[in-house]
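The numbering of the sequence shown is the numbering used here, which starts it at 466 and goes up by one. No residue lacks a Cβ here, since even glycine has one placed at the ideal position from N, Cα and C. Read through the structure below, which is laid out as structure tokens, and then see the notes.
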Amino acid sequence: MEVLKEQATQEAKLQELIKEMEFNKQQGLLMAQLAEEEAQQQVYEQCGRSEVLDTFGSPSSATVAPPTDDLAWDGDSWQQVTPTLFIFSSYVSHGSGVVTLAAAIGQPTADQLSCWVWVEGAGAAAGTVSLQRLPAEPDAPFAGWRLVCAFDGYRAPYAVGYRARSAAGRQPAVSAVGRRDWPGPRGQLGACLIPSDWASGDVDRLAEFAAFHAAVGLSRLWVYDPAPGRAVSQLLLRAAGALPTRLVRWDFPLRLETPVAQRTAADLLRRDCMVRTSGRVEHVLALNVTQLVVPRRHDTIQEMVRATEEQMRRPGAASFSLSQEWFCTDAKDGPYAHKPPELTLSSKTSLLSERTVRGAVRLVRPEAVADPVSAGAWTTPDERPPQLNPLVAAVHLYIDCGAEAAAQATAFEGAAVRFKTRLVNAPLFVSYKQIRDATLRGDPPAKTNGTHHAEPPLPLPVGGR
């Protein structure tokens with residue numbers, strides 16, 4: 466009898482001990498959760514503006530993809546919410562909610578939509594939708610939109626979904642999200658490559674574009690492409706051999722048959738570029754494959770930026786404005802004259818002087834843009850960003866001018882680039898700095914053809930074969 470009582474007493478004590486351990490466990494979990502929320506709040510406060518989320522897919526497959534040093538896919542594609550409303554990229558904005566870049570025909574309203582956010586360990590929670598139309602040209606067939614899904618809580622969601630209220634029961638269109646550090650690594654320079662006509666000769670310039678910009682300091686390249694085929698994929702791999710390259714599937718869902726539609730889509734791409742590159746690079750450019758950013762007094766673009774900031778006494782400037790100079794690729798003394806497939810941009814490149822546009826391209830610091838979707842990728846706190854002197858740096862745009870215009874183009878002394886497709890992994894280039902230094906040293910002039918300026922001597926290939 467005494468033994469049974471003793472066993473009952475021991476069991477009671479054991480149950481009490483188990484309850485106490487369970488209570489302590491729950492308390493520990495609660496304290497850990499509170500600590501996590503407090504740490505998350507500190508992150509928000511340190512960021513001050515927004516926390517960028519840029520991995521896309523579905524909630525079940527949402528993962529934070531680690532950066533790689535080769536070609537990689539970066540995101541899925543446009544998701545359809547209604548027959549006329551599509552969403553693409555999303556990020557968390559402090560004090561606002563999840564901001565999503567969208568495109569729509571017509572005038573969607575918030576009362577037509579529902580939204581949810583998914584938080585790790587907490588499932589889905591309903592949010593409140595608000596919309597803001599982005600600036601667009603009056604005759605644009607569609608417009609960009611800033612969708613906001615506001616929600617309660619401090620923990621950052623990993624996915625957001627939107628659905629039309631009239632489509633109850635259907636799965637929402639989902640943009641899964643992943644977090645990035647803020648701000649971007651100092652000295653890192655990125656570029657987003659705007660889609661071009663890959664069926665034309667531009668496709669052959671892709672690897673050259675990557676090789677040249679890697680030589681002048683580009684750290685990462687994001688290539689937006691609507692439907693990459695086998696040939697384009699091979700060229701992307703060649704580009705990735707020059708610098709880390711990520712492929713973004715930009716299968717824009719609406720018709721782009723008119724120039725205004727194409728400009729509107731390009732504006733949305735630049736906004737997405739600002740979201741996608743935030744936290745990964747310190748400065749970013751949006752270019753097409755015919756544009757080359759040429760630092761003329763420095764070896765790299767980063768050196769040019771640092772020197773300009775010191776000269777202007779504006780450390781950490783939000784953006785710089787660069788002039789764009791148009792060159793004729795079909796001029797008789799142009800880079801393609803009588804020598805395809807070589808690209809030789811030398812002192813004999815033809816310049817259309819009347820097509821020099823000041824402030825055409827911006828070099829932007831993503832962390833300086835509080836809300837990239839709302840403000841626009843290239844609208845910064847600076848109302849008038851510093852305009853770089855074309856003698857310091859410029860953007861070269863290479864186009865076919867046509868026979869009449871090409872005949873009127875003037876020879877441009879000392880263009881900054883010279884490299885060939887065959888040496889894409891070891892580009893040959895001549896910078897203004899090298900031309901100037903050679904002039905000061907009194908180096909003997911190069912041979913001429915008797916009608917044009919002398920070409921500066923080529924340096925040895927970088928990592929030659």
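Close-in-space but distant-in-sequence residues of the same chain around residue i (CB under 7 Å, 5 per side omitted)
i, result
"residue 506", "With a pLDDT of only 43 at residue 506, under 50, the local geometry of the prediction cannot be trusted, and no value is derived from it."
"residue 549", "569, 570, 571"
"residue 738", "657, 687, 749, 751, 842"
"residue 604", "725"
"residue 689", "657, 658, 659, 660, 713, 715, 734"
Residue i versus the options, residue with shortest Cα-Cα distance
i, options, result
"residue 720", "731, 676, 711, 839", "731"
"residue 839", "567, 490, 477", "567"
"residue 726", "606, 659, 827", "606"
"residue 595", "488, 740, 627, 769", "627"
"residue 588", "603, 835, 625", "625"
"residue 636", "545, 602, 652", "545"
"residue 932", "652, 756, 722, 601", "The structure shown does not extend to residue 932, since the chain spans only 466 to 930, so no value can be given for it."
"residue 633", "592, 477, 712, 578", "578"
"residue 829", "776, 790, 740", "740"
"residue 711", "604, 772, 655", "655"
"residue 683", "765, 561, 602", "765"
"residue 565", "474, 476, 631, 733", "733"
"residue 783", "599, 640, 773, 483", "773"
"residue 562", "599, 616, 609", "616"
"residue 789", "753, 468, 483", "753"
"residue 602", "582, 584, 729", "729"
Start-to-end residues for the beta strand (DSSP E) that takes in residue i
i, result
"residue 710", "710 to 714"
"residue 760", "756 to 760"
Sheet register partners of residue i (DSSP bridge)
i, result
"residue 774", "Paired residues: none, contrary to the question."
"residue 655", "685, 749"
"residue 614", "563, 594"
"residue 589", "583"
"residue 544", "552"
"residue 690", "714"
"residue 829", "749, 784"
"residue 642", "Bridge partners of residue 642: none, in fact."
"residue 609", "568"
Residue i (DSSP reduced to helix, strand or coil)
i, result
"residue 487", "helix"
"residue 549", "coil"
"residue 604", "coil"
"residue 554", "strand"
"residue 784", "strand"
"residue 838", "helix"
"residue 578", "strand"
"residue 569", "strand"
"residue 636", "coil"
"residue 621", "coil"
"residue 763", "coil"
"residue 479", "helix"
"residue 721", "coil"
"residue 671", "helix"
"residue 701", "helix"
"residue 769", "helix"
Sequence-distant residues of its chain with Cβ nearer than 6 Å to residue i (five each side left out)
i, result
"residue 547", "629"
"residue 597", "611"
"residue 707", "675, 676, 679"
"residue 901", "Bear in mind that the predicted position of residue 901 carries a pLDDT of just 34, short of 50, making it too unreliable to give a figure here."
"residue 574", "none"
"residue 580", "592, 594, 614, 627"
"residue 651", "747"
Continuous alpha helix (DSSP H) stretch holding residue i: start and end
i, result
"residue 628", "No alpha helix (DSSP H) contains residue 628, which is instead part of the beta strand (DSSP E) from 624 to 629."
"residue 466", "Residue 466 -> no alpha helix (DSSP H), and no H or E assigned at all."
"residue 727", "724 to 742"
Contact set for residue i: own chain, Cβ-Cβ below 8 Å, skip 5 residues either direction
i, result
"residue 543", "551, 552, 553, 568, 716, 717, 718"
"residue 448", "Lying before the first or after the last residue shown, residue 448 is absent from the chain, which here runs from 466 to 930."
Check: residue i C-beta below 7 Å from any heavy atom of the ligand MN
i, result
"residue 574", "The ligand MN is absent from the structure shown, which contains no ligand whatsoever."
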